[in-house]
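Numbering (mature numbering (1 follows the signal peptide of the UniProt record, and there is no 0)), first residue to last: -18 to -1, 1 to 680.
This is how it looks when you write it as structure tokens:
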């Protein structure tokens, strides 16, 4: 069910004659002391609204006017849902249109449909006097045409509130088109749904009553919306007993709907903090390369494979959170809407609903935030007490998110997987996750020159166990292959890599990992074959284009012909294609600048280097790569050793944020080995960095 609300409201003055019921009139008729009391003790009419009401009362059809208390009720609903865009189908003299315009923000919009020019001319001066004429878009044509035009203009699901009060024969058409235009969490109010009571047993010749009756029955069964039909009647047997008195009980009935009732609850961050989702897992944007994560997960999601479907919801949730951290909340919401459709089992939607609650809260839409809080409150385990165990699916997604986000969270991922294994030692996912966490942690140790022998490696032992439990998992073979390769067990490494690519030839992560292994083994043609096959499946993958470019470059070096025009041309083509597909992927573009210099285009190379360096908020790893590669450009292309040294030092000063740090260090050590006047200064610089590093470790 989508969260769109239909208030089928009786906004109509009628005579007795509906069985044993009679209807309370509208307050502006002045014929009911109780409604007069309501007006005197609740109405807060704008002065121009009062003037327009008096002008409307001069019209012979003034009974069509929405009464002041009814207009105020709708205006309050609009404010409660933070409405910005509204539609009125049937403006009449504009009383309710003006009321809605006064209720919405300055940048809001009311689309007012009215076919009668006389009524339009009555309304306009009052809109101007109230200072809201710019908010009101009067559509002086058939209402259905206006609604069609709004849909054709791409405004589906962008309106917050629709009020339908026009020709009854088209009510169903107005409803269907309004449902397309209204956003999730929006409200459609429909007038005259009881039609003076004649909908109970409509005469055969009474087409209008039959039409309204059919719509009411349709609405009752329509699972696309949540429905409340509000009435105001009195029992003839007791003329003083009012059922659903307008000022009290209709409002009470309306607020029974969860999406509206929840607005009354002062939702606090404390309540949201109880949720288990990405927003509460301490995943800070400062700790990760958001652009790279966006590329990695969006490319993975774009490739539908049997292997990938299992993790689709997890990836959509993760990608949505990355979009949020980047400031793209609309994209985040799209991802989460897709995520909640992946699986119908509520236990799989706990994280998704939690993310949606937080996202809507950040988007200042606490109405929808509370809708998801209420959904979660109904799911066992959604609000776990400290001693209560998390559901398997929630714990799993939390651990994998830690493993995917940043190396800072590897230990937390390992701890979750390890703890889960104590309770379910034979579980495939826990064993695989624990193996992957150990693999990544040992990778960090290797970078620090703390190698673990193959036979003693906890990661190797756990990978072997995981492989026994899940022999068809291609990534386990990839990680085993890499472990073998690092320990000079190349034959075993090749065996694992071949298994991996045979199992998952169209899994992007597997293909890229296997191709990089082949590149290290200097099997460039083999790597290109694997990559190009994958490119047919994923032509828009910037990571694929980057890896293909690298292989062409290394193939040229293998041939001893680093300036081979054909291979360099292929290399540059794929780097440019990657930059076109993802202009925010910086590292390949730094390489592209260097490739331009290798074909003799120094002007283009300099321009590219300068353009990249001028970008705001470069990631430290990208900035370090820029200094190293720009240093190489100056050292090996321009012959400016002094400038190169300056940039190698700048790169090292950024500390060990990437493997480029070690390359900068090696470049400086190579310079020191040559005869230079400033060798002492370079050594002093490197010693100071080493001392600072030791001090920080202590």
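Glycine included, C-beta positions come from ideal geometry on N, C-alpha and C.
Please read these numbers as outputs of a predicted model, since none were measured by experiment.
Between which two residues does the alpha helix (DSSP H) carrying residue i extend?
{"i": "residue 499", "result": "490 to 502"}
{"i": "residue 143", "result": "Unbroken run through residue 143 is the beta strand (DSSP E), 141 to 146; no alpha helix (DSSP H)."}
{"i": "residue 635", "result": "623 to 635"}
{"i": "residue 93", "result": "From DSSP, residue 93 is part of no alpha helix (DSSP H) but of the beta strand (DSSP E) over 91 to 95."}
{"i": "residue 482", "result": "472 to 485"}
{"i": "residue 531", "result": "524 to 540"}
{"i": "residue 49", "result": "From DSSP, residue 49 is part of no alpha helix (DSSP H); its letter is neither H nor E."}
{"i": "residue 601", "result": "No alpha helix (DSSP H) holds residue 601; DSSP gives it neither H nor E."}
{"i": "residue 560", "result": "547 to 563"}
{"i": "residue 380", "result": "374 to 387"}
Just curious, the beta strand (DSSP E) that residue i is in, first and last residue?
{"i": "residue 211", "result": "208 to 212"}
{"i": "residue 567", "result": "No beta strand (DSSP E) holds residue 567; DSSP gives it neither H nor E."}
{"i": "residue 652", "result": "Per DSSP, residue 652 belongs to no beta strand (DSSP E); it is in the alpha helix (DSSP H), 642 to 655."}
{"i": "residue 171", "result": "164 to 172"}
So what's residue i in DSSP terms, helix, strand or just coil?
{"i": "residue 205", "result": "coil"}
{"i": "residue 670", "result": "helix"}
{"i": "residue 748", "result": "Not covered by the structure: residue 748. The range shown for the chain is -18 to 680."}
{"i": "residue 72", "result": "coil"}
{"i": "residue 109", "result": "helix"}
{"i": "residue 346", "result": "coil"}
{"i": "residue 86", "result": "coil"}
{"i": "residue -17", "result": "Unreliable placement is indicated for residue -17, whose pLDDT of 45 sits below 50; the coordinate value is still reported in the next sentence. Residue -17: coil per DSSP, three-state reduction."}
{"i": "residue 119", "result": "strand"}
{"i": "residue 227", "result": "Reliability of the predicted coordinates at residue 227 is poor, the pLDDT of 33 falling under 50, and no value is obtained from them."}
{"i": "residue 138", "result": "coil"}
{"i": "residue 67", "result": "strand"}
{"i": "residue 408", "result": "coil"}
{"i": "residue 240", "result": "Because the pLDDT of residue 240 is 48, which lies under 50, any placement of that residue in the model is unreliable, and the question is left without a value."}
When you compare only the Cα positions, how much space is there between residue i and residue j?
{"i": "residue 457", "j": "residue 85", "result": "56 angstroms"}
{"i": "residue 118", "j": "residue 559", "result": "47 angstroms"}
{"i": "residue 508", "j": "residue 608", "result": "30 angstroms"}
{"i": "residue 202", "j": "residue 68", "result": "24 angstroms"}
{"i": "residue 112", "j": "residue 71", "result": "21 angstroms"}
{"i": "residue 284", "j": "residue 295", "result": "13 angstroms"}
{"i": "residue 28", "j": "residue 379", "result": "53 angstroms"}
{"i": "residue 137", "j": "residue 256", "result": "36 angstroms"}
{"i": "residue 466", "j": "residue 591", "result": "38 angstroms"}
{"i": "residue 655", "j": "residue 489", "result": "46 angstroms"}
{"i": "residue 205", "j": "residue 160", "result": "16 angstroms"}
{"i": "residue 440", "j": "residue 398", "result": "16 angstroms"}
{"i": "residue 633", "j": "residue 544", "result": "26 angstroms"}
{"i": "residue 101", "j": "residue 110", "result": "15 angstroms"}
{"i": "residue 667", "j": "residue 551", "result": "39 angstroms"}
{"i": "residue 26", "j": "residue 91", "result": "22 angstroms"}
{"i": "residue 131", "j": "residue 157", "result": "15 angstroms"}
{"i": "residue 499", "j": "residue 595", "result": "31 angstroms"}
{"i": "residue 187", "j": "residue 195", "result": "14 angstroms"}
{"i": "residue 87", "j": "residue 59", "result": "14 angstroms"}
{"i": "residue 73", "j": "residue 564", "result": "48 angstroms"}
{"i": "residue 584", "j": "residue 127", "result": "60 angstroms"}
{"i": "residue 653", "j": "residue 549", "result": "30 angstroms"}
{"i": "residue 538", "j": "residue 513", "result": "17 angstroms"}
{"i": "residue 40", "j": "residue 152", "result": "28 angstroms"}
{"i": "residue 406", "j": "residue 318", "result": "30 angstroms"}
{"i": "residue 601", "j": "residue 271", "result": "7 angstroms"}
{"i": "residue 281", "j": "residue 301", "result": "11 angstroms"}
{"i": "residue 193", "j": "residue 315", "result": "37 angstroms"}
{"i": "residue 358", "j": "residue 144", "result": "29 angstroms"}
{"i": "residue 476", "j": "residue 442", "result": "16 angstroms"}
{"i": "residue 356", "j": "residue 49", "result": "34 angstroms"}
State the CB to CB distance for the pair residue i and residue j, rounded to an integer number of angstroms; the pair is presumed to be in contact (CB under 8 angstroms).
{"i": "residue 610", "j": "residue 630", "result": "7 angstroms"}
{"i": "residue 307", "j": "residue 278", "result": "About 14 angstroms separates the two Cβ atoms, so there is no contact after all."}
{"i": "residue 402", "j": "residue 373", "result": "Residue 402 to residue 373, Cβ: 11 angstroms. No contact."}
{"i": "residue 688", "j": "residue 587", "result": "Outside the displayed range of the chain (-18 to 680) lies residue 688, so it cannot be described from this structure."}
{"i": "residue 354", "j": "residue 335", "result": "5 angstroms"}
{"i": "residue 124", "j": "residue 141", "result": "Contact flag wrong, Cβ pair sits at about 19 angstroms."}
{"i": "residue 311", "j": "residue 350", "result": "Going by Cβ atoms, the distance from residue 311 to residue 350 rounds to 12 angstroms, so no, they are not a contact pair."}
{"i": "residue 444", "j": "residue 426", "result": "The pair is not a contact, with the Cβ atoms about 16 angstroms apart (cut-off 8 angstroms)."}
{"i": "residue 333", "j": "residue 258", "result": "7 angstroms"}
query = Can we say the segment 400 to 420 touches the segment 443 to 452, given the rule of at least three CB pairs closer than 8 angstroms?
reply = yes
ask   = Are the segment 338 to 352 and the segment 256 to 274 touching, with three or more C-beta to C-beta distances below 8 angstroms?
value = yes
inquiry  = Three Cβ pairs or more, each shorter than 8 angstroms: is that satisfied between the segment 500 to 507 and the segment 262 to 282?
reply    = no
At least 3 beta-carbon pairs within less than 8 angstroms: the segment 518 to 533 vs the segment 551 to 569 = yes
query = Is the segment 94 to 108 touching the segment 168 to 181 in the sense that three or more CB pairs, one from each, lie closer than 8 angstroms?
reply = no
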